[in-house]
Each structure stands twice: as C-alpha cells, then as structure tokens.
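Working notes, beginning with the structure itself.
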Amino acid sequence: MAHQLKLLKDDFFASDQQAVAVADRYPQDVFAEHTHDFCELVIVWRGNGLHVLNDRPYRITRGDLFYIHADDKHSYASVNDLVLQNIIYCPERLKLNLDWQGAIPGFSASAGQPHWRLGS
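For what it's worth, the UniProt record's numbering labels the leading residue of the sequence shown as 1, then goes sequentially.
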C-alpha cells in the first residue's frame, strides 16, 4: 500500500494557538492526493482543472467553493491557469468569545426580543 501524503498544521500555522490561515495558490499546480490534519475552504478565483475529492472527480472553475474536512483526501489534475485560495483552519482552536448582546444594535436583554429586521 502506498504511503498517503498528509499535510500538517505545523507547516501552515505560526503557532499552536493560531486557528485560521490563508494559503494562496497562485498558480495551483498539479498536486498529488493528500489529506490534512486541519480543515479547508477552497475558493477558485481563476482558471480551471480537475479536483478529485474522496475519489470523485469535479471539473472546477472560477467561482467554485469546496469544503475539505481533515479526513478527506483530494488532489488536483489537468490544471489550466488555476488560481485558488485555501482558508485553512483548526476547528478545535476556534473560540467564539463574543458578547452577542453587545454586538447587536438595539438589543435589550430585558425585552428578550428574538427577532430583528435589518436594513429597513
């Protein structure tokens, strides 16, 4: 059995606390099948190619978006001027410490209003 290429967090994140990073692929060349120990959103900005995700081929072009889970395997083939942006992240590192009440204009905890109309 062939050894599976695995891309690791340590090669893409500056610290073990960093949750999100952006990896530009300008251009994206042919790339062998691989997995990661992080998740990824792939945005196709230009060009086209063949993206094989979990053994299923997808013809990709500008405007396509893919979600790649850490356990997924994928590769790129038959690329033509392909430009991608990979938003990579570690779900276990994401912390949403946001004061939602303070972030919503006009929210009153005492009123308990669960519905807002925006842009009116």
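We put the beta carbon where it would ideally sit given N, CA and C, even for glycine. Remember, predicted model here, so these are calculated numbers, not experimental data.
Of the residues L94, P27, C39, the one whose Cα lies closest to the Cα of S78 is P27. The C-alpha of L94 lies about 6 Å from the C-alpha of A19. Only residues of its own chain outside the window of five on either side were considered, and among them T35, H36, D37, F38, C39 have a CB closer than 8 Å to the CB of A70, listed in chain order. In the displayed model, D81 falls within a strand according to three-state DSSP. Taking 8 Å as the upper bound for CB-CB distance, D72 and N54 are in contact here, some 6 Å apart. Take A32, set aside five residues on each side of it, and the residues of its chain with a beta-carbon closer than 7 Å to its own are L5, S75, in chain order. L41 and Y58 do not touch by the CB rule: their CB atoms are close to 15 Å apart, not below 8 Å.
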